[in-house]
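To keep things clear, I will list the structure first and then write my remarks on it.
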Amino acid sequence: MKNLEGKTAFVTGGSTGIGFGIATAFLKAGAKVAITDIRDDFLATAKKELKAIGENVLTFNVDSTDVAAMDNAAKNLEDSFGPIHILCNNAGIPGGAPVLETEDARWRGVFEVNFYGLINGINIFLPRMLDHGEEAHIVNTASFSGIHGHGSQGAYGSSKFAAVGLSEFLRNDLAKTNVGVSVLCPHVADTPIIQNLKNRVSDDVRKMIDNMAVPAQTVGNQVMQAILNKEFYIFCDGTDTRKMLKQRYADLMGAMDRQFPKE
Numbered sequence: 002m003k004n005l006e007g008k009t010a011f012v013t014g015g016s017t018g019i020g021f022g023i024a025t026a027f028l029k030a031g032a033k034v035a036i037t038d039i040r041d042d043f044l045a046t047a048k049k050e051l052k053a054i055g056e057n058v059l060t061f062n063v064d065s066t067d068v069a070a071m072d073n074a075a076k077n078l079e080d081s082f083g084p085i086h087i088l089c090n091n092a093g094i095p096g097g098a099p100v101l102e103t104e105d106a107r108w109r110g111v112f113e114v115n116f117y118g119l120i121n122g123i124n125i126f127l128p129r130m131l132d133h134g135e136e137a138h139i140v141n142t143a144s145f146s147g148i149h150g151h152g153s154q155g156a157y158g159s160s161k162f163a164a165v166g167l168s169e170f171l172r173n174d175l176a177k178t179n180v181g182v183s184v185l186c187p188h189v190a191d192t193p194i195i196q197n198l199k200n201r202v203s204d205d206v207r208k209m210i211d212n213m214a215v216p217a218q219t220v221g222n223q224v225m226q227a228i229l230n231k232e233f234y235i236f237c238d239g240t241d242t243r244k245m246l247k248q249r250y251a252d253l254m255g256a257m258d259r260q261f262p263k264e
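Note that the sequence shown ends on residue 264 in the working numbering; no numbers are left out.
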């Protein structure tokens with residue numbers, strides 16, 4: 002995909018945070034954009050701000066776990082803007098607690114949104130992309146918590162590991178098609194989830210978060226560039242994330258070398 006001019010994009014969870022940053026970047030690049038949320042007030046505010054950038058904006062009050070509602074939104078989007086080229090499965094919810102302190106309902110609720118919500122989007126939008134045959138792209142929002150298990154956020158982190166794995170297998174499936182795949186793995190971005198986290202941590206951790214947080218608009222631009230450059234993994238900063246990524250793979254290779262020593 003050489004540019005986004007005239008392309009049609011669907012962004013779940015697009016009224017705030019990273020989703021709004023993505024929608025903004027796409028609109029500025031000339032795309033036609035639809036966003037979803039489950040709150041009408043958030044959608045109204047986002048629509049007003051997005052309309053100031055470009056006219057081709059639609060909003061849908063849709064829960065990504067509602068297959069029928071998602072399918073109806075896809076049909077309405079096609080009727081309004083034509084073939085859909087970009088799907089950003091971005092909607093997600095937190096789930097930060099130690100494993101044994103996370104109730105069963107919380108586990109299932111987090112996976113329903115953060116994992117099955119992605120599958121719903123893929124099942125609804127991918128066949129449409131394959132049918133029209135034009136270049137298309139799917140971006141699944143995971144997290145750096147889906148690359149490196151840190152902290153006590155069992156349900157959230159596990160769902161994001163699943164999102165990364167799903168994206169890797171989807172990339173394999175679509176290797177010989179015109180549909181690209183990316184997985185977004187932000188560490189600390191300026192989003193409602195991070196703002197809520199700041200209310201539950203110490204002053205030192207809160208200060209660290211403020212220093213590390215990447216603006217949502219920056220992440221939106223990074224997503225757009227990843228689509229244009231056919232980049233699979235999307236990382237949003239190169240500071241602590243790089244250090245943790247190196248440690249992750251040092252741990253893996255260390256275990257391999259101990260169990261199967263080099264000759």
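Beta carbons: idealized from backbone N, C-alpha and C, even for Gly.
Rounded separation between residue i and residue j - CA only
| i | j | result |
| --- | --- | --- |
| Ser168 | Ile123 | 10 Å |
| Gly20 | Leu5 | 17 Å |
| Asp72 | Ile94 | 21 Å |
| Val180 | Gly7 | 17 Å |
| Arg129 | Glu135 | 10 Å |
| Met254 | Leu246 | 12 Å |
| Gly1 | Asn230 | Given a span of 2 to 264 for the chain in the structure shown, any question on residue 1 remains unanswerable. |
| Thr103 | Gly31 | 43 Å |
| Phe261 | Asp105 | 38 Å |
| Thr219 | Gly22 | 7 Å |
| Asp80 | Lys33 | 13 Å |
| Asp238 | Asp258 | 29 Å |
C-beta contact flag for residue i and residue j at 7 Å
| i | j | result |
| --- | --- | --- |
| Phe61 | Ala74 | yes |
| Thr303 | Leu171 | Look at the range of the chain in this structure, 2 to 264, and you will see that residue 303 is not part of it. |
| Ile85 | Thr9 | yes |
| Gly158 | Gly150 | yes |
| Gly221 | Thr25 | yes |
| Ala35 | Phe11 | yes |
| Val189 | Ala214 | yes |
| Val58 | Lys48 | yes |
Contacting residues, own chain, Cβ-Cβ under 7 Å from residue i (five flanking each side not counted)
| i | result |
| --- | --- |
| Ile39 | Asn62 and Asp64 |
| Ser146 | Gln154, Tyr157, Gly158 and Lys161 |
| Asp252 | none |
| Asp204 | none |
| His133 | Pro84 |
| Phe43 | Ser16 and Thr17 |
Whole-angstrom C-beta distance between residue j and residue i, which should lie under 8 Å
| i | j | result |
| --- | --- | --- |
| Ala137 | Gly118 | Wrong, their Cβ atoms sit about 19 Å apart, outside the cutoff. |
| Phe27 | Met225 | 6 Å |
| Ser160 | Val111 | 5 Å |
| Arg109 | Gly96 | About 10 Å; that fails the 8 Å criterion. |
Close beta carbons around residue i, own chain, < 8 Å, minus the five adjacent residues each side
| i | result |
| --- | --- |
| Pro99 | Ser153 and Gly155 |
| Phe126 | Phe11, Ala75, Ile85, Leu88 and Ile139 |
| Glu113 | Thr66 |
| Ile228 | Met2, Leu5, Ile87, His138, Val140, Gly181 and Ser183 |
| Lys244 | none |
| Thr242 | Phe145, His188 and Phe236 |
| Asp41 | Asn62 |
6 Å CB neighbourhood of residue i in its chain, flanking five on each side removed
| i | result |
| --- | --- |
| Ile139 | Leu88 and Val182 |
| Ala163 | Phe116 |
| Arg249 | His149 |
| Val68 | Asn121 |
| Gly55 | Leu28 |
Burial state of residue i (16 or more Cβ within 10 Å)
| i | result |
| --- | --- |
| Phe233 | exposed |
| Pro187 | buried |
| Leu78 | buried |
| Ala256 | exposed |
| Leu131 | exposed |
| Thr37 | buried |
| Lys1 | What is shown of the chain runs 2 to 264, which leaves residue 1 out entirely. |
| Asn173 | exposed |
| Leu51 | buried |
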